[in-house]
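Taking it in order: structure first as structure tokens, then the write-up.
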Amino acid sequence: MTITPDVRPAVPANRRGDADEATPTATPSNAAQTGADVPTPTEDFVQLLTPEGELVDHPEYSVDFTDDELRGLFRDLTLVRRIDAEATALQRQGELGIWASLLGQEAAQIGSGRALGAQDHVFPTYREHGVAWCRDVDPLRLLGLFRGVNTGGWDPEAHKFHLYTIVIGAQTLHAVGYAMGIQRDGLVGGDDAQAVIAYFGDGATSQGDVNEAFIWASSFQTPVVFFCQNNQWAISIPTDKQSRVPLYQRARGFGFPGIRVDGNDVLATYAVTKAALDRAREGSGPTFIEAFTYRMGAHTTSDDPTRYRIEAEVESWKLKDPIERLRSFLVRQGKADQAFFDSLAAESDQLAKHVRTGCLEMPDPEPLSMFDNVYAEPHPPLAAQRDEFAAYLASFEGGNE
Amino acid sequence: MSTQTTTLAKGINMGLRAAMDRDPRVVLLGEDIGKLGGVFRVTDGLQKDFGEARVVDTPLAESGILGTAIGMALRGYRPVCEIQFDGFVFPAFDQIVCQLAKMRARAGGLVKMPVVVRIPFGGGIGAVEHHSESPEAYFAHTAGLRVVACSNPVDAYWMIQQAIASDDPIIFFEPKRRYWEKAELDVEAGPPAESLHTARVVREGTDLTLAAYGPMVKVCLDSAVAAEEDGRSLEVLDLRSLSPLDTPTLFHSVRRTGRLVVVHEAPVNLGMGAEIAAKVQEACFHSLEAPILRVGGFDTPYPPSRIEEDYLPDLDRVLDAVDRSLSY
Chain A
1275 MTITPDVRPA VPANRRGDAD EATPTATPSN AAQTGADVPT PTEDFVQLLT PEGELVDHPE
1335 YSVDFTDDEL RGLFRDLTLV RRIDAEATAL QRQGELGIWA SLLGQEAAQI GSGRALGAQD
1395 HVFPTYREHG VAWCRDVDPL RLLGLFRGVN TGGWDPEAHK FHLYTIVIGA QTLHAVGYAM
1455 GIQRDGLVGG DDAQAVIAYF GDGATSQGDV NEAFIWASSF QTPVVFFCQN NQWAISIPTD
1515 KQSRVPLYQR ARGFGFPGIR VDGNDVLATY AVTKAALDRA REGSGPTFIE AFTYRMGAHT
1575 TSDDPTRYRI EAEVESWKLK DPIERLRSFL VRQGKADQAF FDSLAAESDQ LAKHVRTGCL
1635 EMPDPEPLSM FDNVYAEPHP PLAAQRDEFA AYLASFEGGN E
Chain B
205 MSTQTTTLAK GINMGLRAAM DRDPRVVLLG EDIGKLGGVF RVTDGLQKDF GEARVVDTPL
265 AESGILGTAI GMALRGYRPV CEIQFDGFVF PAFDQIVCQL AKMRARAGGL VKMPVVVRIP
325 FGGGIGAVEH HSESPEAYFA HTAGLRVVAC SNPVDAYWMI QQAIASDDPI IFFEPKRRYW
385 EKAELDVEAG PPAESLHTAR VVREGTDLTL AAYGPMVKVC LDSAVAAEED GRSLEVLDLR
445 SLSPLDTPTL FHSVRRTGRL VVVHEAPVNL GMGAEIAAKV QEACFHSLEA PILRVGGFDT
505 PYPPSRIEED YLPDLDRVLD AVDRSLSY
């Protein structure tokens, strides 16, 4: 069945009104029409931990975490949410020009980020604060771009975490090219094999670059994992405007497997990503992962989501919160006590203070620094322009302007 | 004897081969560059000798070529991309202008982008639309890129090697209508002392300077020969590098001759000639005997090939500008 846009319900309630039901009933065929409906776990949605915090079996995927590791994941989720909240507050107070919140997407990022091996490489969008956390990038370093004091702020190779990319989807090609380099280095298939993961969102799947990245990865069987966080909204446009089929199903057309995972389930996201990375490293080519999640906040702090989505939808996703389900599980199974939560709260406060103080102390760059690193090799006209500007600036020194 | 008669296309081919022999991290990427050897045969024989991992026949998507080249450069490789024709570079515009050009600055100098983008450019071969463009000014306008254009087989051989050796991204324009022009190339003469970004006086003169690059250098040389019969001594400057411009060599010439005509195929409006004229009048104001003139393509889309000779600057249009300058 096909429906044309003009006969679709104007209000998104019909598309997502059942999203808060415990056992959603979307079938593959109606999922094609209503891309944001919650998929059925057993059919096309890998889930290991339900929103209620109960473990469920999956025929192909499982995790084997110690209690320590489970608490570690909870700590990760909690702390990156705190970093995000602090950054949003800093923007509201005028300390950041803008901030792209990850609220709601913590499990997708921590699950995939913790599945990475130390040898793997990450090409993020501008919202991968949780993945950055997993790559040991000081959260303060993330703020520079949004505060306007730099355009990067960390060493991409040292962290194996490349710079944030603002132009939607451009980094997916960089990831594939990087993976082509890994192939030429002979680092596929052996014990020292490496993989690359490219992050992007549902909106990016419409970009030419992303589709070209799929084609390259497939043609050359590069060791790359395409990790799409389908957070249902590309600013104001719902996913079903980007695709008439579930996003993960697109992969088949490009010649590699696609899989949809509950992006609010840190355990499932971890398991699915780990398997895809293993597959890439062993030389079996790319995998497309659609992490089905929700952007709980605005696109950025400049956005007003009340203009395009209804509150009931947001409320329904609150019941699927990635952190609360793990908390329920840990408490119910006696895997974490109050002392753990208290200590984590204190650590969270400390981290917030670090982010906050560090941000306020971040100096503005020197005006002349804009001339630095434009070129690797000498460039006489630019050097002359810099000197001219330096002399101009110096002409004010000692004066009262 | 190491000297051999070589076409411009073969000069680039030999230069690519030398660079690939020297550095295993040099990798060629492009459409039809492997088995076919490129539509102009510039990469002929290279895949056979260096293998499919180093001479990569890519899928047909220019942004994909540039985007993956950036990723390979981040990994430590030195990709050389071939864009099949000038008019096909625009699908890769974001990857060149927003990604390639800015990557090093964005990373605070922690990465380098040794990527060469080879683009056959210009008209004069009777091609269909989008095959005769001169898009150099777009790239020369972009900080972070270097832009060069070769005009003859000897330069082609050396300049492509110098471009590949550079740690900065370079847009390398090849004058496609000169691909089959021949010259004597001595590959054992050693690399030229001059840097890639140096302009060269290719004919000395005293009355007026003609500044050109790529396919127009030959037109200017022919014009200078013709002008000599009228007793006029024209100096011809092959700019070679469009970004950065070798302004010292340019200024030195104009200060001696007092007159400048800039010649290029690209439309004159906001073309390289505009920037050159601005820089020269700023630095050589008191040496100028006449306004700086530009001879270029018209501000129209590149016309159908049956009338391209009317669009392209030729000897007569160059000499007309020379007349106007000298009679000012």
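Chains A and B, in that order, give the protein sequences. Just so we're aligned, residue 1275 is where the first sequence starts under the working numbering, counting upward by one. Just so we're aligned, residue 205 is where the second sequence starts under the working numbering, counting upward by one. Heads up, the beta-carbon is just placed ideally off N, CA and C, and yes, glycines get one too.
Length of the line joining the Cα atoms of residue 1482(A) and residue 1489(A):
11 Å
Counting only Cβ pairs nearer than 9 Å, list the residues of chain B close to residue 1444(A).
267, 271, 274, 298, 299, 302 and 303
First and last residue of the uninterrupted beta strand (DSSP E) at residue 286(B):
282 to 286
When you compare the stretch 1588 to 1603 of chain A with the stretch 1392 to 1399 of chain A, are there three or more beta-carbon pairs, one atom per stretch, that lie closer than 8 Å?
no
My guess is that residue 440(B) and residue 430(B) are in contact by the Cβ rule of under 8 Å, so how many angstroms apart are they, rounded?
At roughly 12 Å, the Cβ-Cβ gap does not stay under 8 Å, so residue 440(B) and residue 430(B) are not in contact.
At a Cβ threshold of 9 Å, is residue 371(B) touching chain A?
yes
Report yes or no: do three or more beta-carbon pairs, one from the stretch 1386 to 1393 of chain A and one from the stretch 1566 to 1579 of chain A, lie closer than 8 Å?
no
Taking the CB atoms as reference points, tell me whether residue 1449(A) and residue 1470(A) lie closer together than 9 Å.
yes
Among all the DSSP beta bridges, which residues are the ones paired with residue 233(B)?
260(B) and 285(B)
Beta carbon proximity, residue 1436(A) to chain B, threshold 9 Å:
yes
For the alpha helix (DSSP H) holding residue 486(B), just list the boundary residues, first then last.
476 to 488
Would you say residue 232(B) faces chain A, with C-beta separation under 9 Å as the test?
no
To the nearest angstrom, report how far apart residue 1369(A) and residue 1633(A) are at their CA atoms.
8 Å
Please report the straight-line C-alpha distance between residue 1559(A) and residue 289(B), rounded to a whole angstrom.
32 Å
Three-state secondary structure (DSSP) at residue 302(B)?
helix
For the putative contact between residue 517(B) and residue 467(B), defined by C-beta atoms under 8 Å, what is the C-beta separation to the nearest angstrom?
5 Å
Please report whether the beta-carbon of residue 1501(A) lies at a distance below 9 Å from any beta-carbon of chain B.
no
Taking residue 1506(A) and residue 1568(A) to be in contact with their CB atoms under 8 Å, please state how far apart those CB atoms are, rounded to whole angstroms.
6 Å
Residue 304(B) and residue 270(B): beta carbons closer than 9 Å?
yes
Contact residues within the stretch 234 to 265 of chain B, judged by C-beta distance below 7 Å to chain A
257, 263 and 265
Run through chain A and tell me which residues come within less than 9 Å of residue 446(B), C-beta to C-beta.
Those within 9 Å of residue 446(B) in chain A number zero; the least Cβ separation is about 12 Å.
Counting beta carbon pairs with one atom in the stretch 1415 to 1425 of chain A and one in the stretch 1351 to 1365 of chain A, are three or more of them shorter than 8 Å?
yes
Should residue 368(B) go down as buried or exposed, given a rule of 16 or more other Cβ atoms within 10 Å for buried?
buried
Residue(s) in a DSSP beta bridge with residue 1473(A):
1501(A)
Would you mind listing the beta strand (DSSP E) stretches within the stretch 1439 to 1492 of chain A that are 3+ residues and don't spill past its ends, in chain order?
1470 to 1475
Boundaries of the beta strand (DSSP E) in which residue 415(B) is found, first to last residue
412 to 416
Residue 529(B), DSSP secondary structure in three states:
helix
What residue range does the beta strand (DSSP E) around residue 445(B) cover?
445 to 447
DSSP puts residue 375(B) in a beta bridge; with which residues?
321(B) and 351(B)
Pull up the distance between the alpha-carbon of residue 1393(A) and that of residue 500(B), whole angstroms please.
53 Å
Please state whether DSSP places residue 438(B) in a helix, a strand or coil.
strand
In chain B, which residues lie less than 7 Å from residue 1654(A) when you measure between Cβ atoms?
448
Any idea what DSSP makes of residue 1586(A), helix, strand or coil?
helix
Can you find at least 3 beta carbon pairs, one from the stretch 464 to 481 of chain B and one from the stretch 383 to 398 of chain B, that sit closer than 8 Å?
no
Would you kindly work out how many angstroms separate the C-alpha atoms of residue 1403(A) and residue 503(B), rounded to a whole number?
48 Å
Would DSSP call residue 1297(A) helix, strand or coil?
For residue 1297(A), the predicted structure reports a pLDDT of 39, less than 50, and the residue's modelled location is therefore unreliable. A value from the coordinates is still provided. If DSSP states are grouped into helix, strand and coil, residue 1297(A) belongs with coil.
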